[in-house]
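Chemist: Residue numbers (my numbering), protein chains in the order written: chain R, 1350 to 1855; chain C, 219 to 550; chain L, 219 to 550; chain S, 247 to 539.
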Ligand SMILES: Nc1ncnc2c1ncn2[C@@H]1O[C@H](COP(=O)(O)OP(=O)(O)OP(=O)(O)O)[C@@H](O)[C@H]1O
Ligand SMILES: Nc1ncnc2c1ncn2[C@@H]1O[C@H](COP(=O)(O)OP(=O)(O)OP(=O)(O)O)[C@@H](O)[C@H]1O
Ligand SMILES: [Mg+2]
Ligand SMILES: [Mg+2]
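(1) Which residue spans inside the region 398-480 of chain S form an unbroken alpha helix (DSSP H) run of at least 4?
(2) Quick check on residue 1551 of chain R: buried or exposed, where buried means 16 or more other Cβ atoms within 10 Å of its Cβ?
(3) Out of curiosity, what's the CA-to-CA distance linking residue 305 of chain C and residue 333 of chain C?
(4) For ligand 1, I want to know if residue 1746 of chain R counts as a neighbour, meaning its beta carbon is within less than 6 Å of at least one of the ligand's heavy atoms.
(5) Under the criterion of a Cβ to heavy atom distance below 6 Å, does residue 1496 of chain R qualify as lining ligand 1?
(6) So which residues on chain S does residue 476 of chain L lean against when the C-beta distance must stay under 8 Å?
(7) Taking the continuous beta strand (DSSP E) assigned at residue 492 of chain S, which residues delimit it?
(8) With three or more C-beta pairs closer than 8 Å as the rule, is the region 340-352 of chain C touching the region 497-513 of chain S?
(9) Residue 395 of chain L bridges to which residues according to DSSP?
(10) Which same chain residues end up closer than 7 Å to residue 1413 of chain R when comparing Cβ atoms and leaving out the 5 residues on each side of it in sequence?
(11) Using 8 Å as the cut-off, can you tell me whether the region 445-462 of chain C makes contact with the region 535-542 of chain C, which would need three or more C-beta pairs spanning the two stretches below that distance?
(12) When DSSP labels each residue in this structure, what does residue 1824 of chain R get in the three-state scheme?
(13) Residue 490 of chain C: buried (16+ other C-beta within 10 angstroms of its C-beta) or exposed?
(14) Taking the alpha-carbon positions, what's the residue 1825 of chain R to residue 1435 of chain R distance?
(15) Taking 6 Å as the cut-off, is the C-beta of residue 1856 of chain R nearer than that to any heavy atom in ligand 3?
(16) With DSSP run on the structure shown, which of helix, strand or coil describes residue 1708 of chain R?
(17) Quick one: which unbroken beta strand (DSSP E) runs of 3-plus residues sit fully inside the region 1752-1803 of chain R? Chain order, please.
(18) Can you give the Cα-Cα distance for residue 402 of chain S and residue 441 of chain L, rounded to whole angstroms?
(19) Classify residue 1634 of chain R as helix, strand or coil using the three-state DSSP reduction.
(20) Run through chain R and tell me which residues come within less than 7 Å of residue 433 of chain L, C-beta to C-beta.
(21) Apart from the five residues just before and just after residue 221 of chain L, which ones in its own chain have a Cβ nearer than 7 Å to its Cβ?
(22) Give the secondary structure of residue 229 of chain L by DSSP, where H, G and I count as helix, E and B as strand, and everything else as coil.
(23) DSSP beta-bridge partners for residue 516 of chain S?
(24) Can you find a heavy atom of ligand 3 that lies under 6 Å from the Cβ of residue 1804 of chain R?
(25) Against residue 417 of chain L, what residues of chain R qualify as contacts under a CB-to-CB distance less than 9 Å, listed in chain order?
(26) Identify every residue that forms a DSSP beta bridge with residue 277 of chain S.
(27) So, is the C-beta of residue 1737 of chain R closer than 7 Å to a C-beta in chain L?
(28) Spell out whether any CB of chain S is found under 7 Å from the CB atom of residue 472 of chain C.
(29) On the CB-based measure, 16 or more other CB atoms within 10 Å of its CB, does residue 1762 of chain R come out buried or exposed?
(30) Between residue 509 of chain L and chain S, is any beta-carbon pair separated by less than 7 Å?
(31) Cutting at 6 Å between CB atoms, please list the residues of its own chain near residue 1766 of chain R, excluding the five before and the five after it.
(32) Roughly how many whole angstroms lie between the Cα atoms of residue 388 of chain C and residue 408 of chain C?
(33) Whole angstroms are fine: how far does the CA of residue 496 of chain S sit from the CA of residue 272 of chain S?
(34) Starting from residue 246 of chain C, find everything on chain L with Cβ-Cβ shorter than 7 Å and list it in chain order.
(35) Should residue 1582 of chain R and residue 1776 of chain R be called a contact, given that it needs their Cβ atoms to be closer than 7 Å?
(36) Could you run through the region 1667-1682 of chain R and flag, in chain order, every residue whose CB is less than 9 Å away from some CB of chain L?
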């Protein structure tokens, strides 16, 4: 079959650093083509080149067999090629509907027709399986909802090629399933779909062909038939990935370090209680919007909330993150771009920001010590950066997550709260992060893992607390850990039943 | 199915938003009550009409500033631009012998054309030179101001033909159905401004640009055109303000329009538009302009503030008015 | 070519960054060459020393403004604050009978204490009132200005004791190893400022706050303290500038320091600090202040610009200087 | 005349107001005339927007090796020292209008008469109005504004004239218009207005005309702006008189200074141009239709 879009020997350098070399890829109408690879392998960069956001340094693109260059993304879009970014690219001050139609407003008599746009926005969001209010300002949306809006925007007009860069990283399984439905529909219409994901099961489920990149080079392009996730992982990482989760450390003790009683966060959480033991990994599950983030943000003083918090037997109340940090509690935000890292500053400044006191000699910052710490962090956390002088925003998505982890670990906390620790992280790194979390627990620290990936909670945690609609719905002990148990608590119905409801058989 | 939001939240949020947009009005009401308590003459129709009429120039200019600021820009040159436009307009009127409507129309046309051109110049330098608008418009502020002084040879430019002045006077002093013409003009400008900002795709683009330039660019918003246009709109607003201003005193001096830029920006900010862009509130801006003029009026009407301390009390009132606004929409 | 969200090319960027930091210096050199061509007297040591000496006030104030602006704030009150501080300092000096070092030290202490307190007030209102700094400092600008007018009863506040004046004079007119004291003062302030901004955790926090307030908060930066401190630093810088200013003219008037805020902000922006925060360049700021003063000096030394058009040429030069800067770091 | 190379520096406030605009105009005209009259004479006119910049301009003029300086200081207190610096370089110093704190600095002093300006106006109110309530619009808070107002107040002391209210209107028409509008709302009966400046008087007149109030008998401005002198000349009831404060002061000073170099006698001493009351009778002597002011 003829290809719609074909890349020929594409290379891309940022200055002297080559991040893509000689990549060829051809994309056929009506196929879902997955691109996988480790963090920093160059997937996003390739997508940006295909969709006109970046010009290639070498090589060229062919559209329907004719060579073509895109002057900018708008030009590419005019040729029927659209990219859903890994970063959220929406105007925070505009409403959902306004964002969806930005640059292509529906007009009536020369004026914008808000009613029509609202209705279309509503229907397309409905199709994606979400209830987001089209009149809501984007700044008030959770990241998941923003991602959905971004996807909706790309689907609003018909395209020949749609590229998704890790669309499901922030979505729940249910939302992801609606997205796959849509992708299949697109495929049926003869649209070519490019699909990047670190969730290899998803790739298996949705893709027709898979291209693997490693260190900016093309490793393989295979049909999905006979390509199992384990093999994909091997191609990506270059070694066998049989064991993702480490042994659960047997350090979970009865010694309570933190208890929270009747925590309330106005508008988000009511009556939440929990106990955290020394050396344990406590999972927090639930659907997106269940209020997990808010609960822990309130706990560490990042948003107003009230409740009784006991740390090591003493009553505490944190007014801001600094006090929590001083008490040995750190919280790693799920929103690494908006709340985790200073995207416009370099790695060194980002790394030391939370723990500056540790780098202060006398009154001044010891920059040499910072540099040493950066070397250490790059090594320990395997941050793939080809130059130390990048800005944090220039790191690949997964490497930003590692930098955030490194930054907060410099504080040497006793209690670590990690919100969505492996969002957008490749499978090799995931394994590293899991091992790291397990080692924290093994050292006797207490770790809270907030995650929307049930497998992760099951594979990693000693206990899982599940939240639903701003309340703690229940707890699953280690011996009972199963997807069904968690889903039941998260939704209030058993898995099969949930599937039935979703399928409309209720 | 995913339950995302607690049911009441959407309602609550909507109400909150309205409070934010409403809060300049609340500050206004508080001020009016304060004024009435301080001096009974304050609430007379003639006094209030005076105040609102006077606020017309700043209000009209500030409507333009709302566009520039909402798009993430800034224009410091408006005061000088007003002086230059007024000067050139009067010189145009003087160059014609006759005192008829034609002459007047010609002068008005000249004013609008010049101010739009000044705005265009600002816009082009900001967009194509990629210099901070603060610096660009500070520079053009000096240029425009100097040009007036030069045209006036340091003195005053006055409408020489007295008949023409009389013909023109009603544009400031006249009224239609009891409403002074300047108030009608400023309501018209604000309405059109609101319509453009809220109901056209250009207006949408302005806000998007101020909110996140990259997003706007990727969405196919013609950044340069939009940005330049905001400055042109600002220029045209200045031109309209001048049309209303000139008949009042019939002259332009080197001090005409001094510090108007500060007043316009203040009106915009009081009205709830964020200085960093992304939010634009035309009606808030208009209320902001009226608030500024009201505060000055109350100062003169009150008897217990020494002339030396007027500025201090005025400054304090503006801060307090903002605190009132804040506490209103935080309290909910 | 479309620029992506992220600046491209690491190496290029690094070089670019350096160019960016260097570019005010390049504009400075261009100006000096222009000045030399226009009038041979320009390049004399005495003229250049004069220019740099009198840029001291603005430079010192602008170093403080660099902190405020880098943290995402703004302070419009500095000019009025300077006038008030100068006034109170002189009144303090006058209240003491004697003309000795003790009196002088007391006056200086009073000045620094007052200006730091003014800065603290700005900082507290901005952080706790959560009002746009533009409005807060516009308000306090009016308040401080009025207080001077009131203290001076509309006239002038002058050092009465002539001996004391003579004792104090060297702080502006004296020199150490041939370098005028104000230059030493401003180099000292800039060095300390650079040290604080670049080498202390407080300085880091300032930049983090200006880059992204949320990230700073989530990283445990004590937002409120940092923000308030930037305004206090601004206040202290104003105080130091006043110490150097008072011996020059020996008096404070209601018009002292008028528009200094605009000059300080301009110096900061010319120096490469972004008005929206997140970048602070102390040395660039200092160069910016010198550039401003140089432009004025060249205007006076050149004899072919009519008085009326000085402002226009000055405005144009500033815009052109910025264009030169831009083209320098775009050309690479 | 013999060729003699002399450079005179003239430092005056920038044209930010009608009066200073007039001063700049006269300075420039005089500079041209003097240069024509005396070949070899160079006159450099520099304007500054405030006291500190004027001090800078003085430095810069000195850098150009001037022989004489004619200066209209922004403020006597502030500029005393900077002018002394110039003087110490051996430059002949002529001071206009606002005398320096240390009179020994100035070789020639051409005085305007600010106290007189207030006094004459005050006396006119006391004599003409005898009894009644007036409002006062002040200029910008400065020493000269203060001198004018204090002497005005002194002059009406003891008469039946009472000041109801006073506010700063910044020597600006727009501000005067607003302040007057508010005065009219606030005070039911005002007998007369002292606007302390012709620019402000024009704003006041518009406000009165708009309010259609006929309780105000007259408005007195000051400084001798040509429009106002014309109205006095034409017998306008609202503008019965004006008080002179001619910007041509500058011209006089420059002529005197040049004469020091080009005439035989060295010029020293004080020249006072008293403030005068312009009435219908003498108005034509004060009317200069070509001046910008
Ligand atoms: N603007 C830039 N300047 C310099 N280097 C860059 C820039 N953008 C990306 N890079 C580098 O290019 C490499 C590839 O990044 P890319 O974002 O394509 O990775 P990725 O495969 O999408 O990774 P992830 O799975 O983590 O999203 C990384 O090493 C990254 O640091
Ligand atoms: N500023 C806000 N105003 C109103 N609603 C908000 C605001 N921020 C978030 N929300 C809503 O609150 C709900 C909870 O947020 P969030 O998704 O962060 O919860 P969560 O349980 O932490 O989910 P997850 O961690 O799985 O993303 C969401 O529905 C979100 O849209
Ligand atoms: Mg990526
Ligand atoms: Mg969350």
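Positions of the beta carbon are idealized from the N, C-alpha and C atoms, including for glycine.
Modeler: Checking against the coordinates, here is how it stands:
(1) 419-432, 444-457 and 472-479
(2) Translated into the one-based positions of the first chain, residue 1551 of chain R becomes position 202. Under this definition residue 1551 of chain R is a buried residue.
(3) Taking the second chain and counting its residues from 1, the one referred to as residue 305 of chain C is at position 87. Taking the second chain and counting its residues from 1, the one referred to as residue 333 of chain C is at position 115. Note on geometry: alpha-carbon atoms of residue 305 of chain C and residue 333 of chain C lie some 11 Å from one another.
(4) Residue 1746 of chain R sits at position 397 when you count from the first residue of the first chain. Indeed, a heavy atom of ligand 1 lies less than 6 Å from the Cβ.
(5) Against the first chain, residue 1496 of chain R aligns to sequence position 147. Taking 6 Å as the cut-off, one finds no heavy atom of ligand 1 near enough to the beta carbon of residue 1496 of chain R.
(6) The residue given as residue 476 of chain L occupies position 258 in the third chain. Under the 8 Å cutoff, chain S gives 296.
(7) As a working mapping, residue 492 of chain S is identified with position 246 in the fourth chain. Looking at the DSSP string, residue 492 of chain S is not in any beta strand (DSSP E), and its letter there is neither H nor E.
(8) no
(9) Here residue 395 of chain L corresponds to residue number 177 of the third chain, with the count starting at 1. Bridge partners of residue 395 of chain L: none, in fact.
(10) As a first step, residue 1413 of chain R is located in the first chain; it is residue number 64 there, counting from the start. 1353, listed in sequence order.
(11) no
(12) Mapped onto the first chain, residue 1824 of chain R falls at position 475. Of the three classes helix, strand and coil, the one that applies to residue 1824 of chain R here is strand, per DSSP.
(13) Locating residue 490 of chain C in the second chain gives position 272, where the first residue counts as 1. Residue 490 of chain C should be labelled buried.
(14) Here residue 1825 of chain R refers to the residue found at position 476 when the first chain is read from its first residue. Here residue 1435 of chain R refers to the residue found at position 86 when the first chain is read from its first residue. Cα to Cα, residue 1825 of chain R sits roughly 33 Å from residue 1435 of chain R.
(15) In the structure displayed, chain R extends from 1350 to 1855; residue 1856 of chain R sits before or after that span and is not available.
(16) Working through the first chain from its first residue, we reach residue 1708 of chain R at position 359. The DSSP-derived three-state label of residue 1708 of chain R is helix.
(17) 1764-1768 and 1795-1799
(18) Here residue 402 of chain S corresponds to residue number 156 of the fourth chain, with the count starting at 1. Here residue 441 of chain L corresponds to residue number 223 of the third chain, with the count starting at 1. Straight-line Cα distance between these residues: approximately 59 Å.
(19) Sequence index remark: in the first chain, residue 1634 of chain R carries index 285 (1-based). If DSSP states are grouped into helix, strand and coil, residue 1634 of chain R belongs with the strands.
(20) For the purposes of this step, residue 433 of chain L is taken as the residue at position 215 of the third chain. Those within 7 Å of residue 433 of chain L in chain R are 1688, 1689, 1690 and 1691.
(21) As a first step, residue 221 of chain L must be located in the third chain, where it is residue number 3. The pLDDT assigned to residue 221 of chain L is 35, lower than 50, so where the model puts this residue is not dependable; a value taken from the coordinates is nonetheless given after this. Here the set comprises nothing.
(22) Taking the third chain and counting its residues from 1, the one referred to as residue 229 of chain L is at position 11. Unreliable positioning characterises residue 229 of chain L in this predicted model, as indicated by a pLDDT of 41, which lies under 50. A coordinate reading is not provided.
(23) The residue you call residue 516 of chain S lines up with position 270 of the fourth chain. According to DSSP, which records beta bridges pairwise, residue 516 of chain S is partnered with S/355.
(24) By 1-based counting over the first chain, the position of residue 1804 of chain R is 455. No, ligand 3 has no heavy atom inside 6 Å of this Cβ.
(25) By 1-based counting over the third chain, the position of residue 417 of chain L is 199. By Cβ distance, chain R contributes 1712, 1713, 1714 and 1716.
(26) Counting from 1 along the fourth chain, the entry for residue 277 of chain S is found at position 31. According to DSSP, residue 277 of chain S bridges with nothing at all.
(27) Mapped onto the first chain, residue 1737 of chain R falls at position 388. So, not an interface residue.
(28) Translated into the one-based positions of the second chain, residue 472 of chain C becomes position 254. Output row for residue 472 of chain C: interface = yes.
(29) As a position in the first chain, residue 1762 of chain R is number 413, starting the count at 1. Flag for residue 1762 of chain R reads buried.
(30) Residue mapping note: residue 509 of chain L aligns to position 291 of the third chain, counting from 1. Not one chain S Cβ lies under 7 Å of residue 509 of chain L.
(31) For the purposes of this step, residue 1766 of chain R is taken as residue 417 along the first chain, with counting starting at 1. So the list reads 1645, 1680 and 1797, once near-sequence residues are dropped.
(32) For the purposes of this step, residue 388 of chain C is taken as residue 170 along the second chain, with counting starting at 1. For the purposes of this step, residue 408 of chain C is taken as residue 190 along the second chain, with counting starting at 1. Separation of residue 388 of chain C and residue 408 of chain C (C-alpha to C-alpha, rounded to the nearest whole angstrom) is 21 Å.
(33) Residue numbering aside, residue 272 of chain S sits at position 26 when the fourth chain is read from its first letter. Residue numbering aside, residue 496 of chain S sits at position 250 when the fourth chain is read from its first letter. So the alpha carbons of these two residues sit roughly 7 Å apart.
(34) Along the second chain, read from residue 1 onward, the residue named residue 246 of chain C stands at position 28. Within 7 Å of the CB of residue 246 of chain C, no CB atom of chain L is found; the nearest one sits about 15 Å away.
(35) Translated into positions along the first chain, residue 1582 of chain R becomes position 233. Translated into positions along the first chain, residue 1776 of chain R becomes position 427. Cβ atoms of residue 1582 of chain R and residue 1776 of chain R: closer than 7 Å.
(36) 1669, 1670, 1671, 1672, 1673, 1674, 1675, 1679, 1680, 1681 and 1682
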